Amino acid sequence: MLDFQNSTATTASPATTLLEAVTNSLAARGLIPEDKPVHSLPAQFTADRLAGIELVQKGDGWIGNVIFDMPFGDPDVLTTRENLILPTRRAAFDHAAAIVVEVLTGVRELPFEYADRRPRYRTA
C-alpha cells in the first residue's frame, strides 16, 4: 500500500504540524522506545529523517504522504499508491500516521481510535 517518490515541494508548516501531532502524542504517552525500533520499511526511512505529513486530494479521494529529509536524489516520500486512493481526508491521515507510528515504534498500529469525530487514545 506504499509507493516511494521524490518530493517536489518543500515541507510546509501544516505538514510539520501534522507530524508533530503524531510524534508528540506518542511521546506524551511514553510509546517511543529509546532504542531504534525494527520496522518493515526500507532502512533509510528512520525517525531522525521524518520531516512531515502531507494530505493531498486526488480526484474524489485522498492520499497521505510521509515526507523524509533525505539526501538529494533519494526517494523522500512514502505515499499511498495511486490505485489505492483513500475515500476521506481522515483515512489519508490515519494511513500516514500509521507509517510514522511504525517508523517510531516498530508497530503500524495507531494508539487511538475515533469517537464522536475526535481521537481517543487507547489505554491498553
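Residue numbering for the sequence shown is 52 to 175, as defined by the numbering used here.
Cβ coordinates follow ideal geometry from the N, Cα and C atoms, glycine included.
Computed from a predicted structure; not experimentally measured.
With a cut-off of 8 Å on Cβ pairs, the region 82-89 is not in contact with the region 117-127, counting fewer than three such pairs.
In its chain, beyond the 5 residues on either side, Ile136 have a beta carbon closer than 6 Å to the beta carbon of Lys109. Distance from the CA of Arg100 to the CA of Asp111, rounded to the nearest whole angstrom, comes to 31 Å. Listed in chain order, the beta strand (DSSP E) runs fully inside the region 133-159 amount to none, counting runs of at least 3 residues. By the neighbour-count criterion, in which 16 or more other beta carbons inside 10 Å mark a residue as buried, Ala148 falls on the buried side. Asn75 is classed as exposed because its beta carbon has fewer than 16 other beta carbons within 10 Å across all chains shown. In the assembly as shown, Ala143 is a buried residue. Its beta-carbon has 16 or more other beta-carbons within 10 Å.
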